[in-house]
Every structure is written in C-alpha cells, then in structure tokens.
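*Asks:*
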Amino acid sequence: MSEPIIHFDHVSRIYTMGHMEVPALLDVSLDVHEGEFVAIVGPSGSGKSTMMNILGCLDRPTDGTYRLAGTAVETLDDDGLAKLRSRTIGFVFQSYNLLPRTSALDNVATPLLYQGVKRSDRIRRSQAALERLGLGDRIFHEPTELSGGQQQRVAIARSLAMNPGVMLFDEVTAALDPETVKEVLVTIKDLAAEGMTCILVTHEMGFAREIADCIYFTDNGVIVEHGPPATFFDQATDCRTRQFLSQIL
Ligand code: ADP
Ligand code: MG
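Under numbering that gives the first Met the number 0, think of the first position of the sequence shown as 0, with each following residue one higher.
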C-alpha cells in the first residue's frame with residue numbers, strides 16, 4: 000500500500016496552563032490513506048478538536064510525529080507549516096467565518112488571491128466550486144442573504160477551491176437546524192463518493208455509520224476504540240464506547 004497521506008505516530012498534545020498540565024491528546028496513532036473517510040466521535044472535551052487542529056496544522060504535537068503528505072511537520076518552521084497547510088488541508092468548522100457584506104463568489108475567491116492565483120482563474124475556480132456544491136444560483140448572494148446550510152456550503156466551497164488533498168470537518172452541522180443538517184451531510188457524502196479524503200468529527204452517528212471507512216472513539220484524549228462501522232457499532236469492546244453508544248443510539 001502507498002504511504003498514507005496522514006500518519007500520526009504516538010502523538011500527544013499537552014497544554015500548559017501556569018503550573019498545570021492539561022493532557023488533551025495522549026499517544027494517538029492513526030493512518031489515513033488517500034480516498035479514505037474517517038469519522039471521529041466521542042464526548043465533549045475528549046480531545047477531538049485538539050486532534051483536528053493538529054491534523055490541520057493549526058497546532059503542533061508536543062510529543063510524537065506527524066507526517067502529512069510525506070512531510071514531517073516537526074521539520075518545518077511556522078512559515079513552512081502554513082504553506083503545507085494551504086497546499087494540503089481544507090478545514091471547515093462549526094462557524095462558517097464568512098466575510099460579511101461580501102458575495103459568496105468573493106468569499107470563495109479571496110483565499111486564492113493570497114495564494115497568488117490570477118483573477119480570471121480565481122473567478123473560474125470559485126464559480127466551479129460553488130456550482131459543485133449546488134450554489135450556482137447563489138454566487139452573488141452575501142452571507143445574510145443565505146440560509147445557515149447555504150453559508151456552510153459556501154465555507155466548504157471556499158476550502159475545495161484550494162484543491163486540498165484532505166478535507167477536515169469539525170462538527171460542521173452542530174450549529175444548523177435539523178432540516179438543514181441533511182443538506183450539508185449530503186454535500187459531504189458527495190465529496191466522499193468522488194474520492195475526497197475526509198476526516199469528520201460528528202455527533203451524527205447514523206451518518207458516520209453509513210459513510211465512514213473507519214470510526215475512532217476518543218475519551219479523555221485517548222483513542223479507546225476504532226474500527227469499521229459494523230464492528231464499531233455492534234461489537235465495541237471498550238466500556239466507555241458502549242456506554243456512549245447506548246446513550247445516543
Ligand atoms: P472536544 O473537541 O472533543 O470537545 P477539545 O479538543 O476541544 O475537545 O478539548 C480537549 C481538552 O483540552 C479539554 O479538556 C479542554 O478543556 C482542553 N483544552 C482545549 N484547548 C485548550 C487550550 N487552548 N488550553 C488549555 N486546555 C485546552
Ligand atoms: Mg470540539
């Protein structure tokens with residue numbers, strides 16, 4: 000098998016707060032290969048976002064190694080890490096972080112400007128990304144003229160226009176009303192069907208079960224259980240995982 004696009008080898012992240020150490024992630028190892036869909040689930044405060052921020056190169060491990068697309072992040076300075084991030088990672092959060100009073104098209108096109116993409120290509124790529132997400136008839140709408148689900152799809156289009164190798168989704172439907180959750184999940188499902196490598200933190204267990212190749216369960220910063228959905232949902236051996244699943248299924 001080819002080298003994984005993501006390789007976490009005994010990664011930890013300890014936050015230091017004054018004299019206190021908060022171990023947010025402890026000794027996590029995982030590989031993600033191109034085209035795979037990985038779901039991360041677990042209770043609040045269990046280290047999911049800490050892990051995503053490291054995966055997305057917004058933060059670094061305090062211990063262990065992380066190789067992204069063949070590069071060990073610890074060999075890079077902050078500038079090098081930022082470049083690797085913008086080349087490789089598409090990161091979507093619960094909050095859309097769109098520019099106010101700015102069209103969907105310009106929201107998607109602006110990060111490309113900072114990548115030095117020329118204007119005609121910025122417009123072409125941004126329009127294509129918005130059309131791919133079913134927003135072809137909304138390109139001149141500003142955020143306040145779009146629904147929450149549409150705004151989140153603009154945020155996804157903004158990441159996709161950068162041609163990332165991996166898409167990271169951290170609780171992207173958590174702020175949406177129930178009817179809108181589905182339209183964003185369908186979008187993610189379509190991306191996965193097209194072969195996009197995806198890592199998704201979610202509380203949507205039905206979706207994780209339907210779509211993930213592998214599910215990881217975090218508890219207190221530790222991966223206590225992982226496996227393909229059939230095994231994970233029906234044959235979890237860890238008691239915390241079983242308890243968590245019994246509360247939501
Ligand atoms: P989740 O995304 O699973 O809800 P987080 O990764 O956000 O969990 O947080 C994991 C743990 O790390 C929590 O106990 C949280 O309080 C702590 N933590 C998160 N960010 C920081 C920070 N910047 N400084 C100190 N502790 C943090
Ligand atoms: Mg979180």
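C-beta atoms are modelled at their ideal positions from N, C-alpha and C, and glycine is treated no differently. These numbers come from a predicted model, not from an experiment.
Heavy atom of the ligand ADP less than 8 Å from the Cβ of V21, yes or no?
*Replies:* yes
*Asks:* Hey, quick one: how far does the beta strand (DSSP E) through D189 stretch, first residue to last?
*Replies:* Segment P177 to A192 is the alpha helix (DSSP H) holding D189; no beta strand (DSSP E) there.
*Asks:* In angstroms, rounded to a whole number, what distance separates the CA positions of G34 and A128?
*Replies:* 19 Å
*Asks:* Going by other Cβ atoms of all chains shown within 10 Å of its Cβ, with 16 needed for buried, is V165 buried or exposed?
*Replies:* buried
*Asks:* In the DSSP assignment, what residue or residues form a beta bridge with F36?
*Replies:* C197
*Asks:* Please state the DSSP three-state secondary structure of F168.
*Replies:* strand
*Asks:* Round the Cβ separation of D8 and T74 to the nearest angstrom and send it over; I've been treating them as touching at under 8 Å.
*Replies:* Between T74 and D8 the Cβ distance is about 14 Å, and since that is not below 8 Å, they are no contact.
*Asks:* Anyone know if the C-beta pair for G79 and E2 falls short of 9 Å?
*Replies:* By the CB criterion at 9 Å, G79 and E2 fall outside the cutoff.
*Asks:* Looking at V40: is its Cβ nearer than 9 Å to the Cβ of F168?
*Replies:* The answer is no: Cβ separation not under 9 Å.
*Asks:* How about the region 40-52 and the region 7-24: do they share at least three Cβ pairs that are nearer than 8 Å?
*Replies:* Pairwise C-beta distances place the region 40-52 in contact with the region 7-24, as three or more of them are shorter than 8 Å.
*Asks:* State yes or no: is the C-beta of L132 nearer than 8 Å to some heavy atom of the ligand ADP?
*Replies:* no
*Asks:* Does any heavy atom of the ligand MG sit closer than 8 Å to the C-beta of V200?
*Replies:* yes
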